[in-house]
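Below is one structure, written out as structure tokens, with a few remarks after it.
Protein chains: 2
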Amino acid sequence: EKQVVTGIAYSKDEAQISLRRVADKPGVAAAVFMPLAEANINVDMIVQNISEDGSLTDLTFTVPIADFDRSQQVLEGAREAVGYQAIQGSTDVAKISVIGIGMRSHAGVAAQAFEALAGRGINIRAITTSEIKISMLIDASYTELAVRTLHSLYGLDRN
Amino acid sequence: EKQVVTGIAYSKDEAQISLRRVADKPGVAAAVFMPLAEANINVDMIVQNISEDGSLTDLTFTVPIADFDRSQQVLEGAREAVGYQAIQGSTDVAKISVIGIGMRSHAGVAAQAFEALAGRGINIRAITTSEIKISMLIDASYTELAVRTLHSLYGLDRN
Ligand SMILES: C[C@@H](O)[C@H](N)C(=O)O
Ligand SMILES: C[C@@H](O)[C@H](N)C(=O)O
Numbered sequence: 001e002k003q004v005v006t007g008i009a010y011s012k013d014e015a016q017i018s019l020r021r022v023a024d025k026p027g028v029a030a031a032v033f034m035p036l037a038e039a040n041i042n043v044d045m046i047v048q049n050i051s052e053d054g055s056l057t058d059l060t061f062t063v064p065i066a067d068f069d070r071s072q073q074v075l076e077g078a079r080e081a082v083g084y085q086a087i088q089g090s091t092d093v094a095k096i097s098v099i100g101i102g103m104r105s106h107a108g109v110a111a112q113a114f115e116a117l118a119g120r121g122i123n124i125r126a127i128t129t130s131e132i133k134i135s136m137l138i139d140a141s142y143t144e145l146a147v148r149t150l151h152s153l154y155g156l157d158r159n
Numbered sequence: 001e002k003q004v005v006t007g008i009a010y011s012k013d014e015a016q017i018s019l020r021r022v023a024d025k026p027g028v029a030a031a032v033f034m035p036l037a038e039a040n041i042n043v044d045m046i047v048q049n050i051s052e053d054g055s056l057t058d059l060t061f062t063v064p065i066a067d068f069d070r071s072q073q074v075l076e077g078a079r080e081a082v083g084y085q086a087i088q089g090s091t092d093v094a095k096i097s098v099i100g101i102g103m104r105s106h107a108g109v110a111a112q113a114f115e116a117l118a119g120r121g122i123n124i125r126a127i128t129t130s131e132i133k134i135s136m137l138i139d140a141s142y143t144e145l146a147v148r149t150l151h152s153l154y155g156l157d158r159n
């Protein structure tokens, strides 16, 4: 069986900011990310789930830790335009990514990652996926354990 | 200035399923995606945002429309193991992706996409990003308008 997972990447240089309960209507995402871009802040992950009630949703993104304070300032300045009800953030996160090819047609790859991390008691705090990358945010203290667990799961720790 | 966006991809063959208010503890994601993998359902996007209260969060994923009913059945079977409080779904979604290279270091690319779609009244229902792909879920009826808008934004409609 062809090995689809080719590597595990991780970054501890990630700070997470979540805007809670923003209006789910056109223009809100732009009102968040245009000012960040104008401030030359490089946003890495953006995660927005579908609104449950169709009117409010949450918007989370990650930036380098060095840009955490500045990002929060930018967002405080954009509060009126964005209309979020609360803002939360943490520098205690790490991004773990499973890198591969054609993962969409290999239904179990993500499931196996989730199961392996669960087996180590590692809580998966956010998830985004594409055909070539499964990215997860976890508590930074679990980074090394997560990477080792996934290397072992996918047989990447053999020479 | 180097052009970082190389193309716009879209898929109307996407059905969205959201599990509302699952426990944010190890094992829950595995309990959702292992049964789907065992049923040979190819999951495309997975979106999970960070829990606001640290105890509950939502989990959304997309599958081909032909697998929508089967996916819901699998999840109803997994209800006890997963413990979601509600399940919602729709086949009226399309996935729009901005494909590029090194987009993390080009802070405005995503922001511009959000602004351009907002300018057309297109609501962005979910977002996931990586360095090479910005993926958004929108209402399927806006697919063509969204693709044309983004082609034009990034100058991809010239020959
Ligand atoms: C929440 C935000 O993404 C909003 N739906 C928008 O289109 O801008
Ligand atoms: C919600 C789900 O992702 C959970 N946090 C888990 O680790 O499985």
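Sequence lines, in order, name chains A and B.
Just so you know, our numbering puts 94 at position 94 of the first sequence, and the rest follows in order with no gaps.
Just so you know, our numbering puts 62 at position 62 of the second sequence, and the rest follows in order with no gaps.
C-beta atoms are modelled at their ideal positions from N, C-alpha and C, and glycine is treated no differently.
Just so it is clear, the structure is predicted and the values come from calculations on it, not from any experiment.
Can residue i be considered in contact with ligand 1, in the sense that its beta carbon sits closer than 7 angstroms to one or more heavy atoms?
i              : result
residue 30(A)  : yes
residue 61(A)  : no
residue 114(A) : no
residue 86(A)  : no
residue 48(A)  : yes
Is residue i buried or exposed, if buried means 16 or more other CB atoms sit within 10 Å of its CB?
i              : result
residue 40(A)  : exposed
residue 86(B)  : exposed
residue 77(B)  : exposed
residue 101(A) : exposed
residue 146(A) : buried
residue 53(B)  : exposed
residue 79(A)  : exposed
residue 67(B)  : buried
Whole-angstrom Cβ separation of residue i and residue j, contact assumed at under 8 angstroms?
i              : j              : result
residue 90(A)  : residue 29(A)  : With a Cβ gap of about 21 angstroms, residue 90(A) and residue 29(A) do not count as contacting.
residue 49(A)  : residue 58(B)  : 5 angstroms
residue 153(A) : residue 112(A) : 6 angstroms
residue 135(B) : residue 135(A) : Rounded, the Cβ-Cβ distance is 12 angstroms, inconsistent with contact.
residue 149(A) : residue 116(A) : 5 angstroms
Quick one: does the C-beta of residue i sit closer than 7 angstroms to a heavy atom of ligand 2?
i              : result
residue 57(B)  : yes
residue 42(A)  : no
residue 72(B)  : no
residue 25(B)  : yes
residue 124(B) : no
residue 127(A) : yes
Please determine whether the Cβ atom of residue i lies at a distance below 7 angstroms from any heavy atom of ligand 4.
i             : result
residue 22(B) : The model on display carries ligand 1 and ligand 2 but not ligand 4.
Worksheet item: Are at least three pairs of beta-carbons, each pair with one atom in the segment 99–108 of chain B and one in the segment 67–84 of chain B, less than 8 angstroms apart?
Response: no
Discussion item. What are the residues in the segment 13–27 of chain A lying within 8 angstroms of chain B by C-beta distance?
Written reply: 16, 18, 20, 24, 25, 26 and 27
Worksheet item: In the segment 114–131 of chain A, which residues sit with their C-beta less than 9 angstroms from some C-beta in chain B, listed in chain order?
Response: 114, 115, 116, 117, 118, 119, 120, 121, 122, 123, 124, 125, 126, 127, 128, 129, 130 and 131
Item to complete: Report yes or no: do three or more beta-carbon pairs, one from the segment 38–56 of chain A and one from the segment 31–38 of chain B, lie closer than 8 angstroms?
Response: no
Item to complete: Select from the segment 57–69 of chain A all residues with a C-beta closer than 9 angstroms to any C-beta belonging to chain B, and list them in chain order.
Response: 57, 58, 59, 60 and 61
Worksheet item: Using Cβ-Cβ distances below 7 angstroms, what residues of the segment 31–49 of chain B are close to chain A?
Response: 33, 34, 36, 37, 40, 41, 42, 43, 44, 45, 46, 47, 48 and 49
Discussion item. Tell me whether the segment 134–144 of chain A and the segment 8–27 of chain B touch, counting them as touching only if at least three CB pairs, one residue from each stretch, are closer than 8 angstroms.
Written reply: no
Item to complete: Could you run through the segment 131–154 of chain B and flag, in chain order, every residue whose CB is less than 9 angstroms away from some CB of chain A?
Response: 131, 132, 133, 134, 135, 136 and 137
Worksheet item: Mind listing which residues of the segment 96–109 of chain A have their C-beta closer than 9 angstroms to chain B's C-betas, in chain order?
Response: 97, 104, 105, 106, 107, 108 and 109
Fill in: Interface positions of the segment 70–89 of chain B facing chain A (Cβ-Cβ less than 9 angstroms), listed along the chain
86 and 88
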